[in-house]
Amino acid sequence: MPLLEINKDLCTGCGACVDACPFGALKLVDNVAVVDDQCTACGACLDVCPVEALSLPERPAAAAEGLAAYQGVWVWVEQFQGQACGISWEMLGQGRKLADQRKATLTACVLGHNAEHIAKEAIAYGADRVFWVDDPTLAVYRTQPYATTLVNLVRQYRPEIFLLGASSRGRDLAGSVATELYTGLTADCTGLDIDLEKGLLRQTRPAFGGNIMATIICPNYRPQMSTVRHRVFEMPVADMARQGQIIAVKPNLTEEQIATRVVDFITEQGQVNLADAKIIISGGRGVGGPEGFKPIQELAEALGGAVGSSRAAVDAGWIPYAHQVGQTGRTVRPDLYIACGISGAVQHLAGMGTAKVIVAINKDPEAPIFGVANYGIVGDLFQIVPALTEQFRKKLHK
Amino acid sequence: MNIIVCIKQVPDTTEVKINPETGTLIREGVPSIVNPFDTYAIEEGLRLKEKFGGKVTVISMGPPQANEALKEAVAMGADEAILLSDRAFAGSDTWATAYTLSQAIRKLGAFDLILCGKQAIDGDTGQVGPGIARQLDIPQLTYVFKIQKLDPETRSVSVERLLEEGREVVETHLPALLTVVKDINQPRYPTFLGIRRATKMQIPVWGAADLDNTDAEKLGLKGSPTQVVKVFSPPKREGKVEMIQGESPEETASMLADKLMAEKVI
Numbered sequence: 019m020p021l022l023e024i025n026k027d028l029c030t031g032c033g034a035c036v037d038a039c040p041f042g043a044l045k046l047v048d049n050v051a052v053v054d055d056q057c058t059a060c061g062a063c064l065d066v067c068p069v070e071a072l073s074l075p076e077r078p079a080a081a082a083e084g085l086a087a088y089q090g091v092w093v094w095v096e097q098f099q100g101q102a103c104g105i106s107w108e109m110l111g112q113g114r115k116l117a118d119q120r121k122a123t124l125t126a127c128v129l130g131h132n133a134e135h136i137a138k139e140a141i142a143y144g145a146d147r148v149f150w151v152d153d154p155t156l157a158v159y160r161t162q163p164y165a166t167t168l169v170n171l172v173r174q175y176r177p178e179i180f181l182l183g184a185s186s187r188g189r190d191l192a193g194s195v196a197t198e199l200y201t202g203l204t205a206d207c208t209g210l211d212i213d214l215e216k217g218l219l220r221q222t223r224p225a226f227g228g229n230i231m232a233t234i235i236c237p238n239y240r241p242q243m244s245t246v247r248h249r250v251f252e253m254p255v256a257d258m259a260r261q262g263q264i265i266a267v268k269p270n271l272t273e274e275q276i277a278t279r280v281v282d283f284i285t286e287q288g289q290v291n292l293a294d295a296k297i298i299i300s301g302g303r304g305v306g307g308p309e310g311f312k313p314i315q316e317l318a319e320a321l322g323g324a325v326g327s328s329r330a331a332v333d334a335g336w337i338p339y340a341h342q343v344g345q346t347g348r349t350v351r352p353d354l355y356i357a358c359g360i361s362g363a364v365q366h367l368a369g370m371g372t373a374k375v376i377v378a379i380n381k382d383p384e385a386p387i388f389g390v391a392n393y394g395i396v397g398d399l400f401q402i403v404p405a406l407t408e409q410f411r412k413k414l415h416k
Numbered sequence: 031m032n033i034i035v036c037i038k039q040v041p042d043t044t045e046v047k048i049n050p051e052t053g054t055l056i057r058e059g060v061p062s063i064v065n066p067f068d069t070y071a072i073e074e075g076l077r078l079k080e081k082f083g084g085k086v087t088v089i090s091m092g093p094p095q096a097n098e099a100l101k102e103a104v105a106m107g108a109d110e111a112i113l114l115s116d117r118a119f120a121g122s123d124t125w126a127t128a129y130t131l132s133q134a135i136r137k138l139g140a141f142d143l144i145l146c147g148k149q150a151i152d153g154d155t156g157q158v159g160p161g162i163a164r165q166l167d168i169p170q171l172t173y174v175f176k177i178q179k180l181d182p183e184t185r186s187v188s189v190e191r192l193l194e195e196g197r198e199v200v201e202t203h204l205p206a207l208l209t210v211v212k213d214i215n216q217p218r219y220p221t222f223l224g225i226r227r228a229t230k231m232q233i234p235v236w237g238a239a240d241l242d243n244t245d246a247e248k249l250g251l252k253g254s255p256t257q258v259v260k261v262f263s264p265p266k267r268e269g270k271v272e273m274i275q276g277e278s279p280e281e282t283a284s285m286l287a288d289k290l291m292a293e294k295v296i
């Protein structure tokens, strides 16, 4: 029951739509295009049809005057144990550009307890205004009090664009806030820009395990909300002399009204934050066992990087799941990714394919990982990796 | 324990190939599977049922063939299944999907727990779980790595959530919605009896008209705030791999180290 309508009288059977469909939902039968249930109503075929034989149902038109009341770009500043997360500053950097293009102000929303320094940092990183909500109920992130506070702020001050980090907390929070506000939310954006003609936020994101990219808009609802991937946008330079306004806001809920309690936080020894890591050294099946991660750990330490792994090594029980990079693990975007003994299955590539520089070390010269790598070494990782550690120790401490 | 598991049928994205000439996805012959993260949700639901009694109901929204995914869940041991399928649901984004699923859950009546996978491997948004929780006004615990304790008497649950910096232990009351990550369990295989039951089962199909007090304006394409305007192939990684081969591992390592330092990534 696809939504796409095909006017069989107009269709010339040229097949342009068949090639354009990213989902393989169209084919030619007796020289006329037909569509099946794979159709997601994405509209990719509409533009390529030379005779305008294809159409999708009309969407309700925007209440333009209502939308104009929404102005400015907002960023949620995520904090953990009193420290702001880097992704928040990256978003303020990009948010600044979007706000300038829209000739609007940039606002940071800082929620927490006894962390007013974060509000000041937000101004240094580009915010014109900070909503600072300080309360014991907000000391540790919880969905309900955070979402309620943000929903109320949005309803009162009406931002046009609202960005949150695509971290575990950011995705948890954004999904709740957008649902309550009844507005569009685009996950995991790797591109954000303004359509200068319509003034809309164009949100680009990977889908299908990174096999396709989609650009998404939210024309009729406000704010236009996105979660933004780590390390996609550049970290702006902090200017501590920058001036801005800090507005203290009262929280909306008391502790008794909140349904969840955070009772503990467990960090493993050597726990790594893969999402923020600039350098990741990963091991796969080729490391052969838990002790095989030792040289990888040593190289990571020498470079100040984090240890990642392929699914194979996690499934074998050699390293905890928290280290897994790939489709069913974490998506990472480091400056340097060194894959040791990882063959490079599609699922793994989906998680690290956008790293700036990829190095592959593998015994098998035919391993697919060499297809995405910038540098490749065919050889025994147990010889190469310790030698690399040694070389970096020498060269970096000269 | 009355447990509801929301699942999605997805194309096995790992089997998707790109047509090198047109740069588009070749979907032909790509098998449909139960979203891998949802299989962990099904398994967790079945384990809780085995421990506390009750039933597991799986629901899915999708085209008619999505009933195959529901049958797979039944073959694993789910008691009941509902398919939400209607032309009125087509073109739903995450907002409209969460709304439709939550309307169906309301119709199912009282429940203790809703389980979802942390995200689907085709859309990768992770937004539908939180959306359902908000629609139903119940607590959400996302990225659950382990259920530490669940007490149907005191109606409380405590879980470990897998976050970037470590694992957070959180407790809340029932009913609640949990989204689960891969490490929570090892999903079982369907049993012979389960497959037989699933083959025979007539899975009820609910359309828009079957959902009570539902605003038709909030369904499908019409109810979806987001709109896809362009779909394209991701930019290819530029250049070819440069193979490095010295006379000895030391020399190879030294050559690579120099290259990486020149790239300024270290």
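Residue numbers (this note's numbering), protein chains in the order written: chain A, 19 to 416; chain B, 31 to 296. For every residue, glycine included, the Cβ atom is placed at its ideal position computed from N, Cα and C.
Residue(s) in a DSSP beta bridge with residue i
{"i": "Pro41 of chain B", "result": "B:Ser62"}
{"i": "Gln221 of chain A", "result": "A:Leu210, A:Ile234"}
{"i": "Cys36 of chain B", "result": "B:Ile89, B:Cys146"}
{"i": "Thr272 of chain A", "result": "BP columns for Thr272 of chain A are empty, so no partner."}
{"i": "Ile379 of chain A", "result": "A:Cys358, A:Ile395"}
{"i": "Phe151 of chain A", "result": "In the sequence as presented, Phe is not what sits at residue 151 of chain A; that position holds Val. According to DSSP, Val151 of chain A bridges with A:Leu129, A:Val267."}
{"i": "Thr204 of chain A", "result": "A:Ser244"}
{"i": "Trp236 of chain B", "result": "B:Leu114"}
Segment limits, beta strand (DSSP E) that includes residue i
{"i": "Phe400 of chain A", "result": "No beta strand (DSSP E) contains Phe400 of chain A, which is instead part of the alpha helix (DSSP H) from 399-414."}
{"i": "Trp92 of chain A", "result": "91-95"}
{"i": "Met231 of chain A", "result": "230-235"}
{"i": "Gly130 of chain A", "result": "124-130"}
{"i": "Arg191 of chain B", "result": "186-193"}
{"i": "Ile297 of chain A", "result": "297-301"}
{"i": "His203 of chain B", "result": "196-203"}
{"i": "Phe175 of chain B", "result": "170-181"}
{"i": "Thr245 of chain A", "result": "242-246"}
{"i": "Lys45 of chain A", "result": "44-47"}
Distance between beta carbons of residue j and residue i, contact taken as under 8 angstroms
{"i": "Glu178 of chain A", "j": "Pro241 of chain A", "result": "6 angstroms"}
{"i": "Gln97 of chain A", "j": "Cys103 of chain A", "result": "7 angstroms"}
{"i": "Val189 of chain B", "j": "Leu204 of chain B", "result": "With 8 angstroms as the limit, Val189 of chain B and Leu204 of chain B do not qualify as a contact, their Cβ atoms being about 12 angstroms apart."}
{"i": "Leu399 of chain A", "j": "Val305 of chain A", "result": "7 angstroms"}
{"i": "Glu45 of chain B", "j": "Pro61 of chain B", "result": "6 angstroms"}
{"i": "Ile284 of chain A", "j": "Arg160 of chain A", "result": "No, Ile284 of chain A and Arg160 of chain A are not in contact; Cβ-Cβ is about 17 angstroms, not under 8 angstroms."}
Min CB distance residue i to chain B below 8 angstroms
{"i": "Val396 of chain A", "result": "yes"}
{"i": "Arg189 of chain A", "result": "yes"}
{"i": "Cys207 of chain A", "result": "no"}
{"i": "Ile234 of chain A", "result": "yes"}
{"i": "Tyr239 of chain A", "result": "yes"}
{"i": "Asn291 of chain A", "result": "yes"}
{"i": "Ala61 of chain A", "result": "In the sequence under discussion, the amino acid at residue 61 of chain A is Gly, which differs from the Ala named in the question. Closer than 8 angstroms: yes."}
{"i": "Ala157 of chain A", "result": "no"}
Residue range of the alpha helix (DSSP H) that includes residue i
{"i": "Pro279 of chain B", "result": "279-292"}
{"i": "Glu110 of chain B", "result": "Careful: Glu110 of chain B lies outside any alpha helix (DSSP H), inside the beta strand (DSSP E) at 110-114."}
{"i": "Asp37 of chain A", "result": "34-38"}
{"i": "Met106 of chain B", "result": "97-106"}
{"i": "Ser132 of chain B", "result": "124-138"}
{"i": "Gly161 of chain B", "result": "158-166"}
{"i": "Phe222 of chain B", "result": "222-230"}
is_contact[residue i, chain A] using C-beta, thresh 8 angstroms
{"i": "Tyr219 of chain B", "result": "no"}
{"i": "Leu145 of chain B", "result": "no"}
{"i": "Gln39 of chain B", "result": "no"}
{"i": "Gln133 of chain B", "result": "no"}
{"i": "Lys179 of chain B", "result": "no"}
{"i": "Glu73 of chain B", "result": "no"}
{"i": "Ala228 of chain B", "result": "no"}
{"i": "Thr69 of chain B", "result": "no"}
{"i": "Trp125 of chain B", "result": "yes"}
{"i": "Asp142 of chain B", "result": "no"}
Query raised in the report: Hey, is the stretch 296-303 of chain A in contact with the stretch 346-354 of chain A, meaning 3+ C-beta pairs nearer than 8 angstroms?
Result: At 8 angstroms Cβ cutoff, the stretches touch.
Requested in this report: Answer yes if the stretch 219-228 of chain A comes into contact with the stretch 151-167 of chain B, meaning at least three C-beta pairs across the two stretches below 8 angstroms, and no otherwise.
Outcome: The stretch 151-167 of chain B is in contact with the stretch 219-228 of chain A.
Requested in this report: Would you be able to state if there are at least three C-beta pairs under 8 angstroms between the stretch 332-341 of chain A and the stretch 365-377 of chain A?
Outcome: Because the criterion of three Cβ pairs below 8 angstroms is not met, the stretch 365-377 of chain A and the stretch 332-341 of chain A do not touch.
Report task. Would you be able to state if there are at least three C-beta pairs under 8 angstroms between the stretch 204-222 of chain A and the stretch 179-188 of chain A? Result -> These segments touch.
Requested in this report: Say whether the stretch 231-241 of chain B touches the stretch 120-137 of chain B, bearing in mind that this needs 3 or more beta-carbon pairs closer than 8 angstroms, one atom from each stretch.
Outcome: Because the criterion of three Cβ pairs below 8 angstroms is met, the stretch 231-241 of chain B and the stretch 120-137 of chain B touch.
**Report entry** At least three beta-carbon pairs within less than 8 angstroms, the stretch 269-289 of chain B to the stretch 394-414 of chain A
**Finding:** Short answer: they touch.
Query raised in the report: Is there contact between the stretch 244-251 of chain A and the stretch 158-170 of chain B, where contact requires at least three CB pairs shorter than 8 angstroms?
Result: Taking 8 angstroms as the limit for Cβ pairs, the verdict is that the stretch 158-170 of chain B does not touch the stretch 244-251 of chain A.
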